[in-house]
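All remarks here apply to the structure that follows.
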Ligand SMILES: N[C@@H](CCC(=O)N[C@@H](CS)C(=O)NCC(=O)O)C(=O)O
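Numbering (the numbering used here), first residue to last: 381 to 634.
See the structure below:
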């Protein structure tokens, strides 16, 4: 029998991943229909409700808008508030994550280098610290969750979005925010989510190098240029001797 849900999106995490996480969390079987943006998208686009993806199909009906889809699925899998006010608090956090993500996207997709540099200065020096410090203190106050002191779909939304957010910023943004790391780890430790990640989310490439630019950066640039998702595995010098023995020629990169 065909699965009850069909998600159509590109073959990236992006706006599709929170939907995939929520479906996986709830054990709701779904067809993970991934479109090849280069080849198939122009012929598919006109058939989409508003010319965009993701869309979700269920029982012969089709809907668009990723956050609305997530909110619906959160109700199905019981990750919502116990009353309207709690739902409002969850929505406010989800909207805040989207505000932050939108600001990073404005930087990432900027094509004019001088404008991008200017946007980057403001983003990395002011906007990101502002948001991340506030979100981190919420995560601390809520014992490793973003709101209501327990797991809600806001946490799932955050964890599922974060890899793409890091990719757009070209930086591991929560490396110094331990409470946000705990939120992500709490979601990723949920057995159904863990199984989903193990099966689908490992990026095709993993670069291992020191936490500097030097010989690693041209590779990072090329992977980023091509939109190729990769794990940016940065090693610290104090761990070097134990790692060196396991590298193909006792040197980075591979
Ligand atoms: N607000 C919409 C935005 C959807 C959206 O921007 N989709 C992009 C992919 S992330 C898209 O379909 N781009 C291709 C196009 O517009 O032709 C949502 O959250 O679902």
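Note that the Cβ used here is the ideal one computed from N, Cα and C, for glycine as well.
| query | result |
| --- | --- |
| Residue 433, DSSP secondary structure in three states | coil |
| Own chain partners of residue 499 with C-beta closer than 7 Å, once the 5 adjacent residues on each side are dropped | 486, 487 and 490 |
| Buried or exposed by the 16-neighbour rule on C-beta atoms within 10 Å, applied to residue 470 | buried |
| Inside the region 391 to 453 only - alpha helix (DSSP H) runs reaching at least 4 residues | 397 to 405 and 421 to 424 |
| Ligand 1 heavy atom lying under 7 Å from the CB of residue 446 | yes |
| For residue 560, three-class secondary structure by DSSP | helix |
| Residue of 395, 445 and 410 minimising C-alpha distance to residue 428 | 445 |
| Residue 516 to residue 466 span [Cα, whole Å] | 20 Å |
| Inside the region 546 to 627 only - beta strand (DSSP E) runs reaching at least 3 residues | 585 to 590 and 610 to 615 |
| First through last residue of the alpha helix (DSSP H) which encompasses residue 519 | 508 to 521 |
| Own chain, CB closer than 8 Å to residue 415, minus 5 neighbours either side, in chain order | 388, 389, 390, 391, 421, 424 and 433 |
| Sequence-distant residues of the same chain with beta carbon closer than 6 Å to residue 396, five excluded per side | 389 and 434 |
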